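Student: Per our numbering, residue 20 is the first one in the sequence shown, and the count goes up by one each step.
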Amino acid sequence: MSKMLEGKVVVVTGAGGGIGRDMALSMATEGAKIVVNDIGTSTTGEGTDAGPAQKVVEEIKALGGQAVANTDSVCEAAGAARIIACAVDTFGRIDGVVNNAGILRDRFFHKMSLDEWDAVIKVHLYGSYYMSRAAANHFKEQESGAMVHMTSTSGLIGNLGQANYSAAKLALVALSKSIALDMQKFNVRSNCIAPFAWSRMIGSIPTDTPEQQARVAKIQQMTPNKIAPLAVYLLSDQARDVNAQVFTVRNNEIFLMSQPRPVRSVHRSEGWTAQGIAEHGMPALQRSFVPLERSGDVFSWDPV
Numbered sequence: 020m021s022k023m024l025e026g027k028v029v030v031v032t033g034a035g036g037g038i039g040r041d042m043a044l045s046m047a048t049e050g051a052k053i054v055v056n057d058i059g060t061s062t063t064g065e066g067t068d069a070g071p072a073q074k075v076v077e078e079i080k081a082l083g084g085q086a087v088a089n090t091d092s093v094c095e096a097a098g099a100a101r102i103i104a105c106a107v108d109t110f111g112r113i114d115g116v117v118n119n120a121g122i123l124r125d126r127f128f129h130k131m132s133l134d135e136w137d138a139v140i141k142v143h144l145y146g147s148y149y150m151s152r153a154a155a156n157h158f159k160e161q162e163s164g165a166m167v168h169m170t171s172t173s174g175l176i177g178n179l180g181q182a183n184y185s186a187a188k189l190a191l192v193a194l195s196k197s198i199a200l201d202m203q204k205f206n207v208r209s210n211c212i213a214p215f216a217w218s219r220m221i222g223s224i225p226t227d228t229p230e231q232q233a234r235v236a237k238i239q240q241m242t243p244n245k246i247a248p249l250a251v252y253l254l255s256d257q258a259r260d261v262n263a264q265v266f267t268v269r270n271n272e273i274f275l276m277s278q279p280r281p282v283r284s285v286h287r288s289e290g291w292t293a294q295g296i297a298e299h300g301m302p303a304l305q306r307s308f309v310p311l312e313r314s315g316d317v318f319s320w321d322p323v
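#1: Residues in its own chain within less than 6 Å of Glu162 by CB, not counting five upstream and five downstream?
#2: On the DSSP letters alone, give me the boundaries of the alpha helix (DSSP H) that Thr172 sits inside.
#3: Just tell me which of Ala106, Gly39, Asp57 has its CA closest to the CA of Val28.
#4: Which complete alpha helix (DSSP H) runs does the segment 62–150 hold, if anything under 4 residues is left out?
#5: Around the C-beta of Thr40, are 16 or more other C-beta atoms found within 10 angstroms, so that it is buried, or is it exposed?
#6: Spatial neighbours of Phe215 within its chain, please: C-beta separation below 6 Å, excluding the five flanking residues on both sides.
#7: Using CA coordinates, which residue listed in Arg287, Lys245, Val323, Ile198 is at the minimum distance from Asn156?
#8: Would you report the Cα separation of Asn183 and Ile140, rounded to the nearest angstrom?
#9: Please check if any C-beta of chain D sits within less than 8 Å of the C-beta of Ala47.
#10: In the structure shown, what three-state DSSP assignment does His168 receive?
#11: In angstroms with no decimal places, state the Cα-to-Cα distance between Lys74 and Gly35.
#12: For Ile212, report the span of its alpha helix (DSSP H) as first-last.
#13: Could you tell me whether the segment 77–84 touches the segment 113–128, using the rule of 3 or more Cβ pairs below 8 Å?
#14: Enumerate in chain order the residues of its own chain whose CB-to-CB distance from Asp201 is below 8 Å, with the five nearest sequence positions on each side excluded.
#15: How would you label Glu230, buried or exposed, when you count the other beta carbons within 10 angstroms and need 16 or more for buried?
#16: Quick check: the Cα distance between Val265 and Leu194, rounded to an integer number of angstroms?
#17: Would you tell me roughly how many angstroms separate the C-alpha atoms of Phe158 and Gly295, rounded to the nearest one?
#18: Please list, in chain order, all residues of the same chain as Ala258 whose beta carbon is under 6 Å from its beta carbon, the five residues on each side excluded.
#19: If you compare alpha carbons, which of Glu77, Val55, Phe128, Thr48 is closest to Ala99?
#20: Roughly how many angstroms separate the alpha carbons of Thr91 and Thr172, rounded to a whole number?
#21: In terms of residues, what are the limits of the beta strand (DSSP E) holding Lys52?
#22: Quick check: Ser314 and Ile176, are their CB atoms within less than 8 Å of each other?
#23: I believe Met354 touches Leu24 by the beta-carbon criterion, under 8 Å. Please report the beta-carbon distance rounded to the nearest angstrom.
#24: Output the boundary residues of the beta strand (DSSP E) element that contains Leu44.
#25: Give me the Cα-Cα distance between Asp108 and Ser255, rounded to the nearest whole angstrom.
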């Protein structure tokens, strides 16, 4: 039986640990040649260390796979260009990009600093754009390619203290959809995964209250290797008809997530006044309001 990613070259950013590492290992096991990108930063984006990326490369080689380490930052266009160039120069082509690199700087909105906002947006949103853009011309020319972007239910649904992270992750869904629309004629696909998994990055989630402790205890049951199979599949030719979708993986569950569509409308032939909206329009719409929920309110049952 042939391997699902045989002959493909894939870049995985933030692959020095956690979900990225497991995806890189799984993709290599399925025959892909891997660029393991990780600058070895802390979960808040400080410092650098070439060790994590190289360690994963050695793990892949020990399994009989092919991989190369890269420590360029996704936060700059030039760095992203070097990451893609690393794939092309080392392995001769680029077939897939997994935008997984990320940091957290959680803070309640009224306390969030400009630096905390900028740093998170830069890695998650700008980094994913820079990587996708650097790969796009290669994909266009060869008329093939796939991108997987790691989003989050913090953006899709909401969470406390994560305005920067949530904004970046929801924007990433729109970026993925735009890539899918613009590049479908070149057989290029773009999809999102919102992972539930315990990793070093979310190890910084506060555990100050019993509610927070219970949330973390649930997440700890969900290991990063549960995410990898869907990412492998989405990069494979077997997923040729899967494009512009958003999936959530939670332990042994895979969810297809909804995307914004009209849920209810009101109409008045003579047009609306502000008072008319207050008296009739809004009360009619209010029955279909989306509640002020957080991720844990929607995914309220224990992982399956």
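No residue lacks a Cβ here, since even glycine has one placed at the ideal position from N, Cα and C. Values in this document were obtained by computation on a predicted structure and should not be read as measured data.
Tutor: Let's see:
#1: Phe205, Asn206
#2: 172–175
#3: Ala106
#4: 70–81, 96–110, 133–140
#5: Looking at the sequence provided, one finds Arg at residue 40 rather than Thr. So Arg40 ends up on the buried side.
#6: Met241, Arg269
#7: Ile198
#8: 6 Å
#9: Going by chain labels, chain D is absent from the structure shown, which holds only one protein chain.
#10: strand
#11: 8 Å
#12: It is not in any alpha helix (DSSP H) - Ile212 instead sits in the beta strand (DSSP E) that spans 207–215.
#13: no
#14: none
#15: exposed
#16: 12 Å
#17: 52 Å
#18: Tyr252
#19: Val55
#20: The sequence given here has Asp at residue 91, not Thr. Distance between the alpha carbons of Asp91 and Thr172 is about 28 Å.
#21: 52–56
#22: yes
#23: Given that the chain is displayed from residue 20 to residue 323, the structure contains no residue 354 and the question cannot be resolved.
#24: Premise fails: Leu44 lies in the alpha helix (DSSP H), 37–48, not in any beta strand (DSSP E).
#25: 22 Å
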